[in-house]
Amino acid sequence: MIYLDKNHDPRKNRALISQVTNKKLDIKKAVKETDELFHQHNKYEFQHTGDQYRSIFLFIKKLPKFLADLVLTSSNNEPSISSETCINEQGDIFPGWKSLLDEEYKNLINEIHSEVNVKDFGAAGDGVTDDTEAFRKALGNGRVKVYVPEGVFITKGITLPSWTCLVGAGKGLTTIKLHDQAPKGRRLVTNANHWRGNHHILVEGMSLDWNAERLGPTSKTSTWGNHSSCLTYANVSFGWVKDVTGINPGLHCFDVSSTLYNYSGDGYRARGASKYIWLDNLNGYGFGDDGITTHHSDNILISNSHMCDPSGRAHDKGFSNSNGIEVDDGSRYVWLVNNSTARCFGGVEIKAHHNSSAAADVQIIGHISVNDNRSYNFRHIGHHKITDPESKTAYNIRATNLVAIAPIYTDLYAGSTPRALVVSAYKNVVINHFTLIGDPGYDYHKNPVIAIQYRARNVVLNNITIKDFKKAGTDIKVFGGDNHADQVQIRNVTIDHSAPKAIDIGSRVENASIANIKVAGDNALFGIKAENAKTKITKVVLKGYKVPISVAGKEFKPPHE
297 MIYLDKNHDP RKNRALISQV TNKKLDIKKA VKETDELFHQ HNKYEFQHTG
347 DQYRSIFLFI KKLPKFLADL VLTSSNNEPS ISSETCINEQ GDIFPGWKSL
397 LDEEYKNLIN EIHSEVNVKD FGAAGDGVTD DTEAFRKALG NGRVKVYVPE
447 GVFITKGITL PSWTCLVGAG KGLTTIKLHD QAPKGRRLVT NANHWRGNHH
497 ILVEGMSLDW NAERLGPTSK TSTWGNHSSC LTYANVSFGW VKDVTGINPG
547 LHCFDVSSTL YNYSGDGYRA RGASKYIWLD NLNGYGFGDD GITTHHSDNI
597 LISNSHMCDP SGRAHDKGFS NSNGIEVDDG SRYVWLVNNS TARCFGGVEI
647 KAHHNSSAAA DVQIIGHISV NDNRSYNFRH IGHHKITDPE SKTAYNIRAT
697 NLVAIAPIYT DLYAGSTPRA LVVSAYKNVV INHFTLIGDP GYDYHKNPVI
747 AIQYRARNVV LNNITIKDFK KAGTDIKVFG GDNHADQVQI RNVTIDHSAP
797 KAIDIGSRVE NASIANIKVA GDNALFGIKA ENAKTKITKV VLKGYKVPIS
847 VAGKEFKPPH E
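Residues are numbered in our numbering as their position in the sequence shown, beginning at 1, plus a constant of 296.
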């Protein structure tokens with residue numbers, strides 16, 4: 297079984313995914329196939345919200361909140377530049393808008409008027425001396441590249457003006473560490489002005505140690521909002537973070553955020569979004585909440601990064617949804633490319649809180665999850681049940697070339713059952729080329745491996761390979777009942793000696809189709825079970841099941857078996 301520790305080199309992820317899947321996947325062709333499936337089956341569009349305040353009484357009652365919202369909140373319907381995925385001859389994957397970001401990088405370099413060494417401004421880098429003032433002097437008003445040589449530089453926080461490069465000697469060589477007397481809410485590195493915003497900022501080649509140990513045995517390591525992190529870009533346009541490790545933050549290793557988080561309701565986003573941000577070759581561990589997270593921001597590329605082993609200490613013990621990579625409230629047009637996660641609550645979580653807009657228009661291309669509790673978790677909290685309001689914003693996820701290895705139970709979130717994939721409340725989801733490898737001896741307590749549930753709609757699972765979840769309950773389960781999923785297509789699936797039930801379609805699922813399935817079991821229970829007679833089943837090969845196919849209570853074998 298693969299083990300990815302905190303020193304894993306994420307630049308090897310592309311090759312590692314190929315090795316684990318045993319596929320020489322033509323990624324350009326695979327992404328094109330994903331896009332075609334997405335456009336063919338895209339049946340739902342974003343629903344714009346109505347007025348937030350519907351009466352004079354409510355207006356007066358909520359006047360303080362209204363004034364805050366007026367300043368901090370915008371409609372989720374605002375335009376944002378999106379683009380298709382591009383893949384060059386070397387197999388590098390990037391969004392079309394990256395060409396704009398590359399041009400702005402040239403502008404950043406051209407605007408750098410001086411290059412300085414922070415030690416020339418009095419920094420000691422000895423792991424003891426407070427170097428805060430030296431960094432402030434070196435950075436000045438920007439248009440500067442500040443070099444930070446090898447050493448451990450203690451600071452009470454660094455704020456970066458626009459047109460700034462902060463460059464170290466490399467991960468593990470240059471360490472910037474938060475001072476023992478820094479308050480709990482302090483960000484280690486952030487941009488200078490979260491309200492007016494900043495632009496053209498690069499942080500590269502260092503480790504950022506938030507020094508959570510300084511807090512002692514406190515129950516929680518973070519304060520509120522986007523505080524308490526190693527690096528926060530809030531209201532930044534054109535930003536880069538490359539070759540950086542985040543260590544033991546109270547909240548997040550890396551946060552791409554708006555000025556403030558916003559909870560004004562589904563259909564609304566925060567003002568002061570960050571835009572055009574590239575995070576590359578990042579490592580992170582010991583995070584109190586998430587490794588990498590995004591909030592209310594657009595056009596973000598996260599590539600070749602590895603997040604593992606959260607502390608979960610931003611939450612109550614046993615209730616920590618600490619994700620490796622999280623695309624959260626109001627984020628749009630986010631690309632995740634060739635990343636990895638290990639031993640987190642969620643490997644990749646795309647989500648929103650109940651009182652915020654969901655993350656939307658997200659693409660994952662290449663990811664390996666090892667021993668995460670929920671390898672891939674897509675949900676809009678508070679919009680799952682029939683008694684909940686339907687999500688206005690949980691739309692559009694495309695994922696290609698994913699790997700989930702042996703999801704497990706975790707003390708981070710006690711009682712959370714392991715899953716390789718969960719889709720809840722989202723519409724227009726395509727998963728293409730997904731390899732799932734279980735631990736045949738691990739007790740999954742008869743839980744499903746893939747769960748499509750809680751009013752998810754228009755979900756396509758294509759080119760799915762599953763094996764070795766022997767003690768799970770079902771390999772692919774589409775939940776029925778009052779909160780049923782619907783419009784689910786399952787096609788081109790290979791299942792090799794895995795769970796007792798291969799595919800289970802629940803009651804009240806009106807529109808489901810299953811095609812091109814090859815399944816081999818060990819005297820298992822059901823190959824395919826569907827409660828609704830409308831379920832379409834074609835081209836299936838099923839071996840080693842007591843009941844190959846059961847539809848609406850009637851058992852039969854496929855015609856060619």
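All residues carry an ideal CB built from backbone N, CA and C; glycine is no exception. Given the structure is predicted, the values throughout are model-derived calculations rather than measurements.
Nearest candidate by alpha-carbon position, reference residue i, set the options
i: Lys308; options: Pro545, Asn577, Pro479 and Leu484; result: Asn577
i: Ala656; options: Leu597, Leu708, Lys723 and Ala798; result: Lys723
i: Cys382; options: Glu407, Lys763, Ile323 and Val424; result: Ile323
i: Ser524; options: Glu446, Trp506, Ser515 and Arg787; result: Trp506
i: Asp562; options: Tyr691, Ala420, Leu698 and Gly436; result: Tyr691
i: Phe615; options: Asp625, Trp536, Ser712 and Ser533; result: Ser712
i: Pro606; options: Tyr557, Asn544 and Asn600; result: Asn544
i: Leu498; options: Thr528, Ala508 and His475; result: Thr528
CB contact flag (residue i, residue j, <8 Å)
i: Val633; j: Leu333; result: no
i: Ile677; j: Ala648; result: yes
i: Asp427; j: Ile450; result: yes
i: Ser859; j: Lys830; result: What is shown of the chain runs 297 to 857, which leaves residue 859 out entirely.
i: His496; j: Glu400; result: yes
i: Val463; j: Lys441; result: yes
i: His591; j: Ser560; result: no
i: Val666; j: Val630; result: no
i: Gly546; j: Ser518; result: yes
i: Val784; j: Val774; result: yes
i: Ser687; j: Tyr564; result: no
i: Ile733; j: Asp764; result: yes
i: Val718; j: Arg675; result: yes
i: Val815; j: Ile791; result: yes
i: Cys526; j: Val485; result: yes
i: Ile727; j: Val745; result: no
i: Ala695; j: Ile660; result: yes
i: Ile588; j: Ile573; result: no
Per DSSP, the bridge partner or partners of residue i
i: Cys461; result: Lys441 and Leu498
i: Lys763; result: Ile733 and Asp792
i: Leu717; result: Tyr672 and Ile746
i: Cys604; result: Tyr581 and Ala638
i: Ala816; result: Asp792 and Lys839
i: His663; result: Asn635 and Leu698
i: Phe822; result: Lys797 and Val843
i: Gln785; result: Val756 and Ser809
i: Trp491; result: Answer is none; Trp491 lacks a bridge partner.
i: Glu332; result: Paired residue(s): none; Glu332 is not in a bridge.
i: Pro391; result: Thr381
i: Trp536; result: Leu498 and Trp574
i: Ala648; result: His676
i: Asp427; result: Its beta-bridge partners do not exist; DSSP assigns none.
C-alpha distance - residue i paired with residue j, whole-angstrom precision
i: His729; j: Asn758; result: 6 Å
i: Gly542; j: Lys835; result: 49 Å
i: Gly387; j: Cys549; result: 28 Å
i: Pro714; j: Tyr581; result: 21 Å
i: Asn635; j: Glu806; result: 36 Å
i: Ser570; j: Leu397; result: 13 Å
i: Pro360; j: Arg483; result: Residue placement at Pro360 cannot be trusted, given a pLDDT of 49 that sits under 50; what the coordinates show is reported in the next sentence. Looking at the two C-alpha atoms, the distance is approximately 28 Å.
i: Asp782; j: His409; result: 58 Å
i: Gln477; j: Asn303; result: 28 Å
i: Ala566; j: Ala747; result: 31 Å
i: Pro703; j: Asn828; result: 30 Å
i: Arg310; j: Tyr750; result: 33 Å
i: Arg753; j: Asn338; result: 10 Å
i: Pro306; j: Leu312; result: 9 Å
i: Tyr672; j: Val644; result: 5 Å
i: Thr514; j: Lys480; result: 10 Å
i: Asp539; j: Lys853; result: 55 Å
i: Arg609; j: Leu511; result: 11 Å
i: Asn819; j: His679; result: 39 Å
i: Ile352; j: Trp520; result: In this prediction, Ile352 scores a pLDDT of 32, lower than 50, which makes its location untrustworthy; no coordinate-derived value is stated.
i: Ile621; j: Lys850; result: 43 Å
i: Val316; j: Gly776; result: 33 Å
i: Glu500; j: Lys797; result: 49 Å
i: Asn595; j: Tyr557; result: 17 Å
i: Ile801; j: Ser809; result: 10 Å
Supposed contact pair residue j and residue i - C-beta distance, whole angstroms, cut 8 Å
i: Leu404; j: Trp491; result: Going by Cβ atoms, the distance from Leu404 to Trp491 rounds to 22 Å, so no, they are not a contact pair.
i: His602; j: Asn579; result: 5 Å
i: Gly421; j: Gly493; result: Not quite, the Cβ-Cβ distance comes to about 31 Å (not below 8 Å), so this is no contact.
i: Leu474; j: Leu456; result: That belief does not hold up - the Cβ atoms of Leu474 and Leu456 are roughly 16 Å apart, past 8 Å.
Closer than 7 Å: residue i CB and nearest the ligand GDP heavy atom
i: Asp707; result: The ligand GDP is absent from the structure shown, which contains no ligands of any kind.
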